[in-house]
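Peer 1: Just dropping this structure here.
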Amino acid sequence: MKVYDIFEMTGFSKIINIEKKLRKIDLSKCTLLGAGGTGAVYRITPEEIVKVNFNPATDSEMIEEKMKAQAAFVLGVPTAISFDTVDCGDGHKGVVYETIKSSTLGEMIEADPNHCEAMVKSYIKALRTINSIHTDNPLFPNAIDFYVDSVEKAKPFYTEEEIAMLKRLVDAMPHGDCLVHGDAHPKNLMIHGDESMWIDMAMVCVVRPIYDIISLACMLFISREDFAKKLTGMSLSNLQRFTETFIRLYFGVEDEAEILRYKKMMAQLYMIRGVFSIGFNSPSTIKSRPMILQMARERFFPNIESIINTIKYLVEKS
502 MKVYDIFEMT
512 GFSKIINIEK
522 KLRKIDLSKC
532 TLLGAGGTGA
542 VYRITPEEIV
552 KVNFNPATDS
562 EMIEEKMKAQ
572 AAFVLGVPTA
582 ISFDTVDCGD
592 GHKGVVYETI
602 KSSTLGEMIE
612 ADPNHCEAMV
622 KSYIKALRTI
632 NSIHTDNPLF
642 PNAIDFYVDS
652 VEKAKPFYTE
662 EEIAMLKRLV
672 DAMPHGDCLV
682 HGDAHPKNLM
692 IHGDESMWID
702 MAMVCVVRPI
712 YDIISLACML
722 FISREDFAKK
732 LTGMSLSNLQ
742 RFTETFIRLY
752 FGVEDEAEIL
762 RYKKMMAQLY
772 MIRGVFSIGF
782 NSPSTIKSRP
792 MILQMARERF
802 FPNIESIINT
812 IKYLVEKS
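For what it's worth, the working numbering labels the leading residue of the sequence shown as 502, then goes sequentially.
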């Protein structure tokens, strides 16, 4: 039996601060699968991958994501099994996950658009599965707190009147204890046969299902082909097909005029995350601030009443 396991079994690990020595991973012997932002994913073995964090300041967030994934799995959410935190060298840590031998929802639709309806049904089933879970686990934050914090961060960029409108929208957001993915877009659901599995669990929280609809909406109205492929795995034409199929099946509408009406409502939700994110200091947000500010003042704030009414309406439909 390992020394750490003995301390944990006897309870000494709860009395004094003892940290388990991390397993070391030699990235030079691993296969790079993808990289972006401050991290990368490597294949360790056919059964394991490691998600490496290159920014030590956010190691705690990476470890929190692992804990969320484990807790969500226990609650019944189909997600990749996370194993241990590891030492990847040069002061970088990573989290080991099981290898998922499947494709993303977006990739599946792009490969065979004729199966779009079946894929959307799998997506809706996965969404309703996670949203049907109620929990008071403090590991999962309240999504409303995220919006409140976002308003505070946004104050340097908006007028007092605009901040007041953001607060009105937050007040209109319903509270709840449903589990939501928080970033429920087509590249975060893996499909293998009849099974589906959520990945990227960093933003899992509790609120009402409308929050996942908002997170999805911000991906549905991309206007550039390269962005559509990068962010959803689909071409613009297939993204359009996904959007209309989702609206028809999720909200239960068949009439073309009704589908168009819901599409316009989803387009209003599309703006929410961008407008609230203006105060974040990630490189992508800093670069996008002028565009966000323009969108907010041309299309968001002038339509705030309609957006609030849309949220209230869709809360009961989602």
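Beta carbons are placed, not taken as given, at the ideal position from N, Cα and C, and that holds for glycine. Nothing here was measured: the structure is a model prediction, and the numbers come from that model.
Rounded to the nearest angstrom, what separates residue 625 and residue 751 at their Cα positions?
Peer 2: Whole-angstrom Cα-Cα distance: 7 Å.
Peer 1: Between residue 708 and residue 677, how many whole angstroms is the CB-CB distance? I'm expecting something under 8 Å.
Peer 2: Contact holds; Cβ gap of about 5 Å.
Peer 1: Between which two residues does the alpha helix (DSSP H) carrying residue 563 extend?
Peer 2: 560-576 is the extent of the alpha helix (DSSP H) around residue 563.
Peer 1: Across the segment 580-599 and the segment 648-657, are there enough close Cβ pairs to call them in contact, namely three or more that are closer than 8 Å?
Peer 2: Because the criterion of three Cβ pairs below 8 Å is not met, the segment 580-599 and the segment 648-657 do not touch.
Peer 1: Mind listing, in chain order, the continuous alpha helix (DSSP H) runs of no fewer than 4 residues lying wholly within the segment 672-760?
Peer 2: Here the runs fully enclosed are 711-721, 726-733 and 737-751.
Peer 1: Here's the rule: buried if 16 or more other CB atoms are within 10 angstroms of the residue's CB, otherwise exposed. What is residue 826?
Peer 2: Here the chain covers residues 502 to 819 and nothing more, so residue 826 does not appear.
Peer 1: Please classify residue 814 as buried or exposed, where buried requires at least 16 neighbouring CB atoms within 10 angstroms.
Peer 2: Classification of residue 814: exposed, given that the 10 Å Cβ count is below 16.
Peer 1: Taking only three categories from DSSP, how would you classify residue 516?
Peer 2: Bear in mind that a pLDDT of 43 at residue 516, under 50, signals an unreliable position, so the number given afterwards is only what the model happens to contain. Correct three-state label for residue 516: helix.
Peer 1: So, residue 688 versus residue 746, is the Cβ gap smaller than 8 Å?
Peer 2: No.
Peer 1: Short of 6 Å in beta carbon distance, which residues of its chain neighbour residue 515, apart from the five on each side in sequence? Order them along the chain.
Peer 2: Its pLDDT being 42, under 50, residue 515 is placed unreliably in this model, and the coordinates cannot settle the point.
Peer 1: Looking at the structure shown, is residue 778 part of a helix, part of a strand, or coil, going by DSSP?
Peer 2: Of the three classes helix, strand and coil, the one that applies to residue 778 here is helix, per DSSP.
Peer 1: Given residue 796, which residues of its chain have a CB within under 8 Å of its CB, disregarding the five upstream and five downstream residues?
Peer 2: Cβ within range, chain order: 772, 775 and 776.
Peer 1: Around the C-beta of residue 710, are 16 or more other C-beta atoms found within 10 angstroms, so that it is buried, or is it exposed?
Peer 2: Burial call: buried.
Peer 1: In whole angstroms, give me the CA-to-CA distance for residue 737 and residue 646.
Peer 2: Each residue's Cα considered, the two are about 34 Å apart.
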